[in-house]
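Working notes, beginning with the structure itself.
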Amino acid sequence: MRRRVASAVSAAWWAALSRLGLSRHRWQTLPRLTRRTVKAVVWVGVGLVLVAAFGVWKTSALAIAAVVLLLVVPSYQKLTIGRFRVGKWVTPAAAFAIVIAYPYYLNSMPQVPIFGPFPMLSTMVAMMIFSMMALGLNFVVGYAGLLDLGYVAFYAMGAYMAGWFASDQFSAQHLDLGAVGLSQGWIGFHFSIWLVLPMAGIATAIVGVIIGLPTLRLRGDYLAIVTLGFGEILPQVARNGNSLFGYNLTNGPEGITPIDGPGFGSWLHTHLHLPAEYLTLGNYDAVFLWTALALVALTVFCSVRLRDSRLGRAWVAIREDEVAAAAMGIPLMRTKTWSYATGAFFGGVAGAFYASYKSGAFPDDFFFQISVFILCMVILGGMGNIWGVIFGACFLSYLDREGLSNVGTWMNNHLGTHVNVPLYEFGIYGAIIVIVMLFRPEGLIPSSRRAAEFREGVHDEPLYDVEHDERLYTPEPG
Amino acid sequence: MAEETLLETVRLRKEFGGLVAVDDVDFIVPEGSIVSLIGPNGAGKTTFFNMLTGVYKPTAGRVIFAGQDLTGKPPHAFTERGIGRTFQNIRLFKNMTALENVLVGMHVRLKGRLLEAILRTPRVRHEEADARSRARELLEFSGLRRKDEEIGKNLSYGDQRRLEVARALATEPKLLLLDEPTAGMNPQETLEFTGFVGKLRAERGLTVLLIEHDMRVVMGISDRVTVLDYGGKIAEGTPQEIQKNERVIEAYLGTAAVSS
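Residue numbers (the numbering used here), protein chains in the order written: chain F, 1 to 478; chain V, 1001 to 1260.
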């Protein structure tokens, strides 16, 4: 069937071309780039005609658009212009465009069976923020192969950085650096979000180094337990931080709120038409989505660049065989600490952005569950693979926000049950992870390398010997 | 042969609990020589090796390399100063390509830092391209021409051994430690490998220290041979001297062999 359609389409294509005076032979003598461009233009034209014929964003037009995307985009993956390999950017660019345009077509999207409507904009923002955190954790778990169960500590640190530097928390101080949407004479620090984000990232990376230095000497299970401990310590400090030696650092269980909204200020608004303050905009969810998407794109960019660098190779080497990596001159502690700090940086930025989106940093948001949740995203999607991790993050945070309750509603309506599905949230995630681990331990979209490791296992022996621990001594066979 | 001493150990000792694995060994590797370390199974050769590369910290004694005391330093410090090694049981990065394995070996000789790597500055780009071409040369030198994109674990056994050496060479060592390099090789491969070790010294000016069981290899290429037994050094000298040494024969074949 598919072949017959394809041959019909290509016959029509050659017929149309020879009408224009281009025989098959002449067409093939044209430069490849020209042929590709012509084809792309034709495809887009076909798409537009179909959209016009079926009305905008109707289901059938949508299906055709999806088919066109799936058929056309992959065929451009090998495209090169000069010495630049443009092709590898085609798929990400298409995905990027689809997300950017999301606020415009969301309302005309059809219902999906079982899952109900497409995710709301606020859910999309959460999905992007979790993507960023999962990508951050991917530096630690996916690249360097260190199990971190306390990632929430970095998220909390980032959120509280936003709380401290963009709210009236420190009432004794007054410093205003590019803050927007405030009346004069506010108390506390009020920094622009574009300052707060890198500050939060750097502060969190420093916390990561401080946590990492004593922790990363440990291996495997021990490392996981200690990171778990740190993941509990930081939120507890936040919870009880309303009188740290008599000083109110975190405002305790009530958390810090409100936190200033992001924005570019009036000068950039008048000159470049950038939004002055997000929270006063009518479509502020859309603007948040675009900003979050930009942050995700930045994270992806850094992930790709680092993966292909000297440091990325060292991380993978440590993951595959620590002893051999050390013998090849890779300083284990320093390299692991870099991965920890890099992961922490993005966790911190994501935390700060989330805090400013929610306009608050509350200690109850920073439970151990969140660490596990983010870890699940990385595992589900495929450790070490950027697109897999993003997929895992989007899917799980979608389930968390909307998916599960939509599925539950559908189930109760159609099967006559009375189950409050979201109540069983973590049980369901647990089941998903168990199933993935049993049937596809490398994750849904794994990196090829990681997949192989999962099938064969890696060397894991103690490197530095522990005095008087005989278990560690195995007499050499030679 | 009036050479400089490249590596020296002074009363090097390693205890695991009550077991003395290496017992106060004094040992010298002159620059430019090929030295073999032999001994019966369990004599402490690999433990000794591991102390020479920082994987184990000695219980007592010192390791001095090119005039610097490296005792107690982490493994990467040893590599940085110029000690490269291979492992008894091949420890390649199995899921990396041959080229990537060699590039990891170059880690200490490259400089690209985190921010530079993200921004991919011209310096880093140049360095990476340079590293890649040098890695290809090394692979070719080690007899792995056109295998750069092979995944480590897909290489044949002999090629994996060669890749381990190429990876060790990528660290630009002055002293190369080979832990039973010919284990599991057939006589033909062993012969080729022996030639290769000779080539390493002749063309790259390397000093080589190897643990070896194949006596033809040991006697064929070594300038000096050291024999360990029960953690202690029982003999040292040229291959000819060692062949005649009674304690060595005793250690390998038992007392009966000597008295009869």
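We put the beta carbon where it would ideally sit given N, CA and C, even for glycine.
None of the values given here were measured: they were computed from a predicted structure.
Member of the options whose CA lies at the smallest distance from the CA of residue i
i	options	result
Tyr160 of chain F	F:Thr337, F:Phe426, F:Pro92 and F:Asp365	F:Asp365
Pro92 of chain F	F:Phe301, F:Met328 and F:Met132	F:Phe301
Phe367 of chain F	F:Phe346, F:Thr80 and F:Tyr155	F:Tyr155
Glu1137 of chain V	V:Arg1167, V:Leu1191 and V:Asp1024	V:Arg1167
Trp89 of chain F	F:Ala297, F:Gly47, F:Val67 and F:Leu228	F:Ala297
Cys394 of chain F	F:Lys358, F:Val125 and F:Pro31	F:Val125
Phe191 of chain F	F:Ile211, F:Arg217 and F:Phe264	F:Phe264
Leu1169 of chain V	V:Leu1070, V:Gly1195, V:Leu1191 and V:Leu1139	V:Leu1139
Phe1087 of chain V	V:Thr1046, V:Leu1019 and V:Thr1121	V:Thr1046
Thr1009 of chain V	V:Thr1071, V:Ser1033, V:Asn1041 and V:Glu1212	V:Thr1071
Phe426 of chain F	F:Met157, F:Leu404 and F:Glu442	F:Leu404
Ala172 of chain F	F:Met157, F:Ala162, F:Gly150 and F:Phe189	F:Phe189
Thr227 of chain F	F:His174, F:Asn283, F:Ala200 and F:Ala153	F:Ala153
Cβ of residue i within 8 Å of any chain F Cβ
i	result
His1076 of chain V	yes
Val1029 of chain V	no
Val1248 of chain V	no
Gly1112 of chain V	yes
Arg1161 of chain V	no
Arg1136 of chain V	no
Val1055 of chain V	yes
Glu1100 of chain V	yes
Val1108 of chain V	yes
DSSP three-state assignment for residue i, whether helix, strand or coil
i	result
Phe1065 of chain V	strand
Ala144 of chain F	coil
Glu1015 of chain V	strand
Phe362 of chain F	coil
Ile428 of chain F	helix
Asp308 of chain F	coil
Asp221 of chain F	helix
Val1104 of chain V	helix
Phe130 of chain F	helix
Ile330 of chain F	coil
Ile1151 of chain V	strand
Ala93 of chain F	helix
Val1038 of chain V	The identity of residue 1038 of chain V in the sequence shown is Ile, whereas the question assumes Val. DSSP places Ile1038 of chain V in strand when its eight states are reduced to three.
Asp260 of chain F	coil
Asp321 of chain F	coil
Val41 of chain F	helix
Thr417 of chain F	coil
Closer than 8 Å at the beta carbon, the chain F residues around residue i
i	result
Gly1184 of chain V	Ordered by position in chain F, no residue passes the 8 Å Cβ test against Gly1184 of chain V, which lies about 11 Å from the chain.
Gly1105 of chain V	Met328 and Gly329
Leu1012 of chain V	Result: empty, since nearest Cβ-Cβ is about 15 Å, beyond 8 Å.
Thr1238 of chain V	Here the premise fails: no neighbours, minimum Cβ distance about 23 Å.
Arg1167 of chain V	Met328
is_contact[residue i, chain V] using C-beta, thresh 8 Å
i	result
Arg217 of chain F	no
Glu320 of chain F	yes
Arg311 of chain F	Here the sequence assigns Leu to residue 311 of chain F, which means Arg is not the residue at that position. It does; some Cβ of chain V falls within 8 Å.
Val86 of chain F	no
Glu442 of chain F	no
Ala294 of chain F	no
Ala144 of chain F	no
Val323 of chain F	yes
Glu453 of chain F	yes
Ala314 of chain F	yes
Chain V residues whose Cβ lies nearer than 8 Å to that of residue i
i	result
Arg449 of chain F	Asn1095 and Met1096
Distance between residue j and residue i (C-alpha atoms, nearest Å)
i	j	result
His468 of chain F	Val1055 of chain V	At His468 of chain F, the pLDDT of 36 sits below 50, so the modelled position is not reliable; the number obtained from the coordinates is stated separately. In a straight line, the C-alpha of His468 of chain F is about 16 Å away from that of Val1055 of chain V.
Glu1100 of chain V	Glu453 of chain F	16 Å
Ala276 of chain F	Ser266 of chain F	5 Å
Thr1182 of chain V	Leu146 of chain F	34 Å
Pro235 of chain F	Leu332 of chain F	29 Å
Leu380 of chain F	Arg1120 of chain V	31 Å
Ser356 of chain F	Asp168 of chain F	13 Å
Trp290 of chain F	Ala361 of chain F	22 Å
Leu149 of chain F	Gly142 of chain F	13 Å
Lys1174 of chain V	Phe1027 of chain V	17 Å
Interface residues of chain F facing residue i [CB-CB closer than 9 Å]
i	result
Thr1079 of chain V	Ala326, Ala327, Met328, Gly329 and Ile330
Closer than 7 Å at the beta carbon, the chain F residues around residue i
i	result
Ile1118 of chain V	Cys302, Arg305 and Leu306
Arg949 of chain V	The structure shown has nothing for residue 949 of chain V, since chain V only spans 1001 to 1260.
Arg1085 of chain V	Ala327
Contacts that residue i makes with chain V (C-beta to C-beta distance below 7 Å)
i	result
Ala317 of chain F	Phe1093 and Val1104
Trp89 of chain F	Simply none; closest approach about 15 Å.
Any chain A beta carbon closer than 8 Å to residue i
i	result
Thr1171 of chain V	The displayed structure is made up of protein chains F and V, and chain A is not among them.
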